[in-house]
Amino acid sequence: MPSRARWHAVAAIVVAVALFALLPQLAARAVRGAIERDSAAERARFDAGASPWSWRFRHADDVVAGQAFGGATLDAGADGLTVRATDGSPAEVGFPLARTADIRRIDELHLRAHASVPVAASVSVREAFDEPMRHAAIGVLGPDAPDLTVRLPALAWHDDAGKAVPAPRRAAMLRLGMVLPPSARVTLQSAALLPSSGIVEPHAGSLPRGLGAEALLAWRDNQRAADPLVTFDQAIYRPAPPWTGWLLLAIYAALLGGGGWLLRRRAGRSVDLVNAALVAAGPLGFIAGLGFGPHPAVAGILIFTLGVAYAAFLTWRRAVPPWHVWVSWRGVGWPWLAIVVAGGLVAFVGHPLAWPPVNRALIYVGWAMVQQWLVLAVLAGLLDRALPRPWAVLLAALAFALLHTPNGLLMQLCFVAELGWAWWFLRHRAILPIAIAHAASALLLQAGLAGGVLRSMEVSARFLN
């Protein structure tokens with residue numbers, strides 16, 4: 014190895030070690046910020062007499078499992094979700110709870126629904142997932158009474174056998190039950206748990222210093238187990254103006270247009286660096302800005318899409334170095350070592366395997382292919398032409414790690430894996446072996462580590478939904 018190349022390799026290794034150590038701090042900072050923003054938003058809801066537990070029913074995914082349980086079907090429409098009786102047997106719809114609700118202080122259920130005929134309704138609650146179900150009748154839904162409000166502690170509760178039981182204090186599971194006559198239907202529009210007292214002032218705790226992302230999430234959950242209404246720090250909720258995302262989208266689109274214009278008029282290292290930065294900016298900005306929200310903003314989705322589309326445009330224009338789907342079987346062993354490492358981690362520090370459904374696993378295989386095409390075929394390919402190879406490998410690995418923000422330990426695992434995968438790719442230029450290794454390793458970690466050692470993998474797991 015020539016002297017200059019050797020020094021580049023040594024310097025890149027030193028920087029890689031430093032980045033490996035810094036990634037958990039970045040993840041912890043992102044998690045801390047997300048917890049503080051979520052807490053400020055919750056305090057704003059409480060100050061307005063609302064709560065974090067409210068639902069608008071427009072799509073099937075707005076209820077648990079996207080379906081009605083029992084003798085009914087579920088259809089989405091402009092007016093809400095319509096529950097249609099199939100055989101006259103009882104039916105249930107589950108309300109998604111991001112965390113346990115305190116139904117002693119947030120004690121009223123407000124329900125807006127229309128029924129084609131009078132329908133007896135009830136609620137079912139579990140205080141914890143391993144606790145028995147408790148049931149209570151809440152009244153009748155009908156065509157002329159769309160709004161129903163009930164105080165949950167005042168209801169007559171009973172168990173599955175019909176024996177009277179005390180009112181639940183918390184709800185880890187909440188279902189609406191209905192007894193629909195054949196051919197009857199109920200259209201659910203909205204529901205909310207609200208305080209009957211009007212305004213609740215939750216306790217505001219302080220986030221501890223020095224904890225990593227996984228430890229912060231575990232600490233938050235322990236605090237919520239003791240008090241479901243607890244919030245953290247005293248920040249005031251200041252939501253960004255709704256036009257901010259659209260402004261960023263317009264700026265990014267203009268920059269991509271400038272990159273396309275530059276591509277037609279010049280070539281060389283500077284153009285490759287500009288295009289690499291443009292390709293990375295959209296997806297990285299979108300992923301890093303997701304926080305814990307289950308519903309990303311439309312502008313953010315479009316920014317991500319534009320970045321991927323620009324990478325496809327560069328590939329179509331042959332502005333990235335050529336690459337292949339496969340390579341001879343003799344060369345695929347190195348990328349697949351990651352599967353062995355993932356299996357070892359699960360075997361030594363994991364929990365019993367809990368595999369995602371097959372359809373979600375297949376979706377993730379496709380997502381892994383897209384990620385590796387974007388990071389290796391496009392980003393690493395451009396960087397390899399513009400920079401010494403050790404730096405191209407390092408920056409590609411860093412981009413891959415940042416795509417998993419704010420997942421702490423997962424970012425470190427991805428960083429190390431992509432260092433090896435990028436080095437192998439730039440020698441063999443084949444994507445599919447790496448995508449297979451990526452998907453298999455990720456599914457193993459999701460099945461055997463998520464929620465345990467890899468506590469914050471809950472964020473990336475959204476891509477399986």
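Reminder that position 239 of the sequence shown reads as 252 in this note's numbering, one-by-one numbering, no gaps.
Cβ coordinates follow ideal geometry from the N, Cα and C atoms, glycine included.
For alanine 367 versus alanine 460, is the C-beta spacing smaller than 7 Å?
yes
Hey, serine 135 and alanine 150: beta-carbon distance below 7 Å or not?
yes
May I ask you to report which of helix, strand or coil DSSP gives tryptophan 259?
helix
Between the C-alpha atoms of asparagine 478 and threonine 113, what's the straight-line distance to the nearest angstrom?
Any reading at asparagine 478 needs caution, since the residue's pLDDT is 36, under 50, leaving its predicted position unreliable; the model's value is listed next. Between asparagine 478 and threonine 113, the alpha-carbon positions lie close to 21 Å from each other.
Answer with yes or no whether the minimum CB distance from glutamate 227 to chain B is below 7 Å.
Protein chains in the displayed structure number just one, and chain B is not present.
When DSSP labels each residue in this structure, what does alanine 174 get in the three-state scheme?
coil
Quick one: Cα of leucine 462 to Cα of valine 353, how far?
15 Å
Helix, strand or coil at aspartate 11 [DSSP, three-state]:
The question about residue 11 has no answer here: the residues shown for the chain are numbered 14 through 478.
Please list the terminal residues of the continuous alpha helix (DSSP H) segment that includes methionine 146.
Premise fails: methionine 146 is in no alpha helix (DSSP H) and is neither H nor E.
Okay, do the region 320-328 and the region 400-419 touch, 3+ Cβ pairs below 8 Å being the bar?
no
Indicate the three-state DSSP secondary structure (helix, strand or coil) for serine 203 in the structure shown.
strand
Measure from the alpha carbon of leucine 439 to the alpha carbon of each residue in Gly152, Val333 and Trp256, then state which is nearest.
Val333
Could you check how far apart the C-beta atoms of alanine 414 and phenylalanine 428 are, in whole angstroms? I think they sit under 8 Å.
4 Å
What do you reckon, are the CB atoms on alanine 448 and alanine 293 nearer than 7 Å?
no
Distance, isoleucine 26 Cα to leucine 432 Cα
If you draw a straight line from the Cα of leucine 432 to the Cα of isoleucine 26, it comes to about 10 Å.
From this set, Ala174, Leu193 and Val378, which residue's C-alpha is nearest glycine 83's C-alpha?
Leu193
Which residues in the same chain have their Cβ closer than 8 Å to the Cβ of proline 241, if we skip the five residues on either side of it in sequence?
Arg112, Thr113, Ala114, Asp115 and Arg183
Does the Cβ-Cβ distance between aspartate 172 and glutamate 49 come in under 7 Å?
no
Range covered by the alpha helix (DSSP H) that runs through alanine 22
16-60
Is it the case that the region 442-456 contacts the region 335-350, given that we only count it when at least three CB pairs across the two stretches are under 8 Å?
yes
Would you grab the beta carbon distance between glycine 202 and alanine 126 for me? Rounded to a whole angstrom, and I think it's under 8 Å.
Going by the sequence as given, residue 202 is glutamine instead of glycine. At roughly 6 Å, the Cβ-Cβ gap stays under 8 Å, so glutamine 202 and alanine 126 are in contact.
For methionine 470, count neighbouring Cβ atoms within 10 angstroms of its own Cβ and tell me buried if that reaches 16, exposed if not.
Any answer about methionine 470 is weak, because its pLDDT of 48 lies below 50 and its placement is not dependable; what the coordinates show is given next. Buried.
With distances taken between CB atoms, is the gap from tyrosine 265 to isoleucine 300 smaller than 7 Å?
Cβ atoms of tyrosine 265 and isoleucine 300: not closer than 7 Å.
Among Ser67, Ile444, Gly107 and Pro103, nearest to aspartate 120 - alpha-carbon criterion:
Cα-wise, what sits closest to aspartate 120 is Ser67.
Among residues of its own chain, excluding the 5 on either side of leucine 262, which ones have a beta-carbon nearer than 8 Å to its beta-carbon?
Ala312, Leu315, Ile316 and Leu319
Does the count of Cβ pairs from the region 216-236 and the region 137-151 closer than 8 Å reach three?
The region 216-236 is not in contact with the region 137-151.
Around the C-beta of histidine 337, are 16 or more other C-beta atoms found within 10 angstroms, so that it is buried, or is it exposed?
exposed
CB contact flag (glutamine 384, leucine 36, <7 Å):
In this structure, leucine 36 does not lie closer than 7 Å to glutamine 384 by Cβ.
Cβ neighbours of glycine 344 in the same chain (closer than 7 Å, five flanking residues each side left out):
Counting only Cβ-Cβ distances below 7 Å, and skipping sequence neighbours, we find His441.
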